[in-house]
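In the numbering used here, the protein residues as written are 114 to 277.
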């Protein structure tokens, strides 16, 4: 654990309120962005649909742009979900605690990514695929796969994956 965490320990109520304000501000910003993208996409689709008969060669470009906007909206929605989860952790008193290891998440990390649910070590393991899914204090979100896969490996790889 980092010395900063050892010295300061668990987050203070004022710090949690500051992180909550950051999360709510980011949530509002994303909602505005998604709404603007949805409106922009709808307007373009309507405008381009009327022009499709005039110039059918532009249909590919229009589809590409619409797909781009939809992809951006999807990533924004995923981030919104992560922010909602972080706000829920604040309400449950679990904010700032790694869902993988149970250790405190460094303040430096929370300042950069207020919706972080993993410490750096656990986030790296999840990102590298060393652990699939989410692990949270006594319950595993590990994706054990199908029954056939479990029969083939007798749960050995699942056991290893939970052992951070």
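Beta carbons are placed, not taken as given, at the ideal position from N, Cα and C, and that holds for glycine.
CB-CB length for residue 206 against residue 235, believed under 8 Å: Wrong, their Cβ atoms sit about 20 Å apart, outside the cutoff.
- prompt: Could you check where the alpha helix (DSSP H) with residue 207 kicks off and where it finishes?
  reply: Element bounds for residue 207: n/a, residue is neither H nor E.
Top-ranked residue by Cα proximity to residue 195, from 217, 126, 134, 140: Ranking 217, 126, 134, 140 by CA distance to the CA of residue 195 puts 140 first.
task: Using three-state DSSP, classify residue 217 as helix, strand or coil.
output: Three-state result, residue 217: strand.
task: Report yes if the CB atom of residue 143 is closer than 8 Å to the CB atom of residue 193, and no otherwise.
output: Yes, they are a contact pair.
task: Enumerate in chain order the residues of its own chain whose CB-to-CB distance from residue 199 is below 6 Å, with the five nearest sequence positions on each side excluded.
output: Cβ neighbours of residue 199 beyond the five flanking positions: 136, 228.
message: Quick check: residue 208 and residue 129, are their CB atoms within less than 8 Å of each other?
response: The Cβ-Cβ distance between residue 208 and residue 129 falls below 8 Å.
query: Does the Cβ of residue 238 have 16 or more other Cβ atoms within 10 Å, making it buried, or fewer, making it exposed?
result: By the neighbour-count rule (16 or more Cβ atoms within 10 Å), residue 238 is buried.
- prompt: What is the DSSP secondary structure of residue 129, reduced to helix, strand or coil?
  reply: In the structure shown, residue 129 sits in a helix (DSSP, three-state: H, G or I).
For residue 235, the three-state DSSP class (helix, strand or coil): Three-state result, residue 235: helix.
Closest by C-alpha distance to residue 124, when choosing among 243, 240, 221: Distance from the Cα of residue 124 is smallest, within the candidate group 243, 240, 221, for 221.
- request: Can you tell me which of the three DSSP states residue 143 falls into?
  value: Note: residue 143 maps to helix in three-state DSSP.
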